[in-house]
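Inspection log for the structure reproduced underneath, given as structure tokens.
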Ligand SMILES: NC(=O)c1ccc[n+]([C@@H]2O[C@H](COP(=O)([O-])OP(=O)(O)OC[C@H]3O[C@@H](n4cnc5c(N)ncnc54)[C@H](OP(=O)(O)O)[C@@H]3O)[C@@H](O)[C@H]2O)c1
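Numbering (this note's numbering), first residue to last: 457 to 741.
Take a look at the structure:
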């Protein structure tokens, strides 16, 4: 049994590799990375695989039974062909099953929609591939907000355009648990799961931070236009637009979805309080 994980050195890839190692042992896992030297620390066989190169994936997937495709980071239009390189190489190598990390979100109406559309196209490419498949639609990670706490404290509040919209945050650790189940069990074949936790507002997020980090944060809603302008100035046009689009989506309910996490894992998703406590503890170890 050989399971390959693409983008294995990324934060999600690393978390999934670690879950798989604990479940089936390192000899059964192959990490694929566009810069193999960045993945050495994982302690597993590493092969080279840039999503832009079908040839690299033709080799990287040799002898692989099941592949986890982690969605790429490029412009949405480029991602579709990049993901097709992996799907076609999987078919050529007679890989039996492909598991894909997709995303929750609205296909229209906000600046994040092009990313969601490209993920939906890959979902269609996978379901039409003839391979066995299983797809997760990931919620928004809670980790970046935690990493941002010092900035929130300096600014005195969490400021964005989500308003009273609720967001079903998840964490990479919770996702890694779900994906290891989806990779290892046939019962998840032909399923698309919303991999998300309980919905909370930004005010509730601020209150949780106050409880766990002893901060005194509040939440300040701003208009979509003001937030987009601010994020573009801070992060550049591409990422700034995406971030503003994500919060616009939260405002309009795109991230307030029913969770399938328990179907994927057999246990409830951790609460936001539990996730934040766990991440705080992990950061100290
Ligand atoms: N749900 C959310 O809140 C959320 C937030 C951000 C991103 N995402 C999505 O989830 C994915 C995984 O997140 P993460 O936390 O693991 O991100 P991350 O830590 O930034 O890792 C991204 C990974 O993608 C790899 N990559 C980028 N372009 C590639 C290419 N052309 N070919 C092969 N690999 C490539 C990177 O390789 P290098 O190290 O060589 O650059 C890295 O391993 C992201 O790629 C993105 O699609 C989701």
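Heads up, the beta-carbon is just placed ideally off N, CA and C, and yes, glycines get one too. Everything numeric in this text was worked out from a predicted model, so none of it was measured.
As assigned by DSSP and simplified to three states, the class of residue i
i           : result
residue 667 : helix
residue 596 : coil
residue 492 : helix
residue 588 : strand
residue 683 : helix
residue 691 : helix
residue 503 : strand
residue 607 : helix
residue 612 : coil
residue 724 : coil
residue 729 : helix
residue 697 : helix
residue 553 : strand
residue 486 : strand
Residue closest to residue i, alpha-carbon to alpha-carbon, out of the options
i           : options               : result
residue 600 : 568, 575, 507 and 661 : 661
residue 653 : 622, 667, 683 and 569 : 622
residue 736 : 569, 575, 668 and 531 : 668
residue 569 : 739, 711 and 701      : 701
residue 682 : 713, 720, 618 and 671 : 618
residue 656 : 598, 457, 479 and 722 : 598
residue 586 : 529, 634, 558 and 645 : 645
residue 525 : 639, 457 and 573      : 639
residue 673 : 686, 718, 611 and 711 : 611
Short Cβ contact (8 Å threshold) for residue i with residue j
i           : j           : result
residue 538 : residue 565 : no
residue 630 : residue 515 : no
residue 560 : residue 510 : no
residue 724 : residue 664 : no
residue 471 : residue 641 : no
residue 649 : residue 716 : yes
residue 554 : residue 536 : no
residue 596 : residue 579 : no
Same chain, Cβ closer than 8 Å to residue i, neighbours up to 5 away in sequence not counted
i           : result
residue 584 : none
residue 487 : 460, 461, 464, 465, 469, 473, 495, 498, 500, 501, 502 and 503
Own chain residues within Cβ distance below 6 Å of residue i, not counting five before or after
i           : result
residue 688 : 696
residue 703 : 616, 617 and 618
residue 706 : 618, 621 and 623
residue 671 : 609 and 665
Other residues of its chain near residue i: CB distance less than 7 Å, five sequence neighbours each side excluded
i           : result
residue 517 : 460, 523, 545, 546, 549 and 551
residue 675 : 613, 614, 658, 659 and 662
residue 691 : 699
residue 709 : 621
residue 628 : 467, 468, 471, 597 and 599
residue 563 : 569, 572, 573 and 576
Interface flag, residue i vs chain D, CB-CB below 8 Å
i           : result
residue 674 : Absent from the structure: chain D. Only one protein chain is present.
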